[in-house]
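Its first residue numbered 11, the sequence shown is counted upward by one per residue in this note's numbering. In this text, a Cβ means the ideal position worked out from N, Cα and C, and glycines have one as well.
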Amino acid sequence: MTEPEHPEPTLPHGVPPWPGGEAEWPADPHYDPELLANGDTRNVIDRYRYWRMEAIVADLDLHRHPFHVAIENWQHDLNIGSIVRSANAFAAETVHIIGRRRWNKRGAMVTDRYQHVLHHPDVADFVEWAEAQGLPIIAVDNVEGSIPVDDAELPERCVLLFGQEGPGLSDEAIAASDRVVEITQYGSTRSINASAAAAIVMHEWVRRHARR
Ligand SMILES: C[S@@+](CC[C@H](N)C(=O)[O-])C[C@H]1O[C@@H](n2cnc3c(N)ncnc32)[C@H](O)[C@@H]1O
């Protein structure tokens, strides 16, 4: 059983029903008649206001970046939702959930509906998929042998692999990766919150590779 679908959050910056009523509605097929009639309070940028969800996904598919995001999920980590939201914000190609199929979607703010999400029952299945795609696995964790991400090569086509809040990345995941990168820290904490770390490294990828 998958996690119950969270309803679309009703956000303050929504838009009202299309002004002027049905006679004024735009004819373009990507518009959703229900949203034109009732207004749109979804968590979408203004460009996609009143658009059907499928039309938004199709448009996103035209410019998703060639990096993937993978997250180990053995303990139902609350950070996964926020990592999916960042993956949407930085237009990652696909998000990969490794381990448990269920994950807490609250932090995703329904962005998972616009994202391609693949499930892998274990690390071996994920590694097989990455090899079949010819995608290097870049593990992200501050463990023995990690390279500061600032100095590390971040290939344009790759999969960024993140660990869980408590244990971090599994030994199996680290062993299967092509390299391990870390975010240099300057304080006393042993680590940064998993979803914050994920956003930092995704942004490092777009800073290097994304066309504005
Ligand atoms: C909160 S950390 C826990 C593991 C961490 N290695 C520790 O010993 O505290 C959970 C996940 O966040 C990410 N993370 C947190 N701090 C990081 C850092 N400084 N560099 C790279 N990844 C980090 C990694 O993906 C890690 O698996």
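Reduced DSSP secondary structure (H/G/I, E/B, other) of residue i
i      : result
Ile193 : coil
His23  : coil
Ala101 : coil
Ala220 : coil
Tyr227 : Because residue 227 is not part of the residues shown, which for the chain are 11 to 222, the question remains open.
Val252 : The chain is shown only over 11 to 222; residue 252 falls outside these bounds and no answer can be derived.
Asp42  : coil
Glu13  : Per-residue confidence for Glu13 stands at a pLDDT of 47, beneath the threshold of 50, marking its modelled position as unreliable; the derived number appears in the next sentence. Coil at Glu13, not helix or strand.
Arg160 : Reading the sequence as shown, one finds Asp at residue 160 and not Arg. Helix at Asp160.
Asp50  : strand
Residue range of the alpha helix (DSSP H) that includes residue i
i     : result
Asn83 : Counting along the chain, Asn83 falls outside any alpha helix (DSSP H), though it belongs to the beta strand (DSSP E) covering 77 to 83.
Leu70 : 63 to 71
Any non-hydrogen atom of ligand 1 within 7 angstroms of residue i CB
i      : result
Glu175 : yes
Glu64  : no
Ser201 : yes
Exposure label - residue i; buried when at least 16 CB within 10 Å
i      : result
Glu192 : buried
Arg222 : exposed
Asn83  : buried
Asp160 : exposed
Leu145 : buried
Tyr196 : exposed
Pro14  : Because the pLDDT at Pro14 is just 48, under 50, the model does not fix this residue reliably, and the value given afterwards should be weighed accordingly. So Pro14 ends up on the exposed side.
Run of the beta strand (DSSP E) containing residue i, from where it starts to where it stops
i      : result
Ile108 : 104 to 109
Ile147 : 147 to 150
Leu88  : Neither: Leu88 is in no beta strand (DSSP E) and is coded neither H nor E.
CB contact below 8 angstroms: residue i versus chain B
i     : result
Asp71 : Protein chain content of the structure displayed is limited to a single chain, and chain B is not contained in it.
Inset, instruction - Could you say if the segment 61 to 78 and the segment 86 to 94 meet the contact criterion of at least three C-beta pairs nearer than 8 angstroms? - result: At 8 angstroms Cβ cutoff, the stretches do not touch.
Inset, instruction - Examine the Cβ distances between the segment 73 to 81 and the segment 154 to 168 and report whether three or more of them are shorter than 8 angstroms. - result: The segment 73 to 81 is in contact with the segment 154 to 168.
Legend entry - Validate contact between the segment 202 to 215 and the segment 126 to 146 using beta carbons, cut 8 angstroms, 3 pairs: By the C-beta criterion, the segment 202 to 215 is judged not to be in contact with the segment 126 to 146, since fewer than 3 inter-stretch pairs fall below 8 angstroms.
Inset, instruction - State whether the segment 119 to 126 contacts the segment 150 to 159, with contact taken as three or more CB pairs (one from each stretch) at a distance under 8 angstroms. - result: Judged by pairs of C-beta atoms under 8 angstroms, the segment 119 to 126 does not touch the segment 150 to 159, as fewer than three such pairs exist.
Legend entry - At least three beta-carbon pairs within less than 8 angstroms, the segment 98 to 109 to the segment 210 to 219: Yes, since at least three Cβ pairs between the segment 98 to 109 and the segment 210 to 219 fall closer than 8 angstroms, the two stretches touch.
Inset, instruction - Assess, as a yes-or-no matter, whether the segment 27 to 34 is touched by the segment 43 to 55 under the definition of 3 or more beta carbon pairs within less than 8 angstroms. - result: At 8 angstroms Cβ cutoff, the stretches touch.
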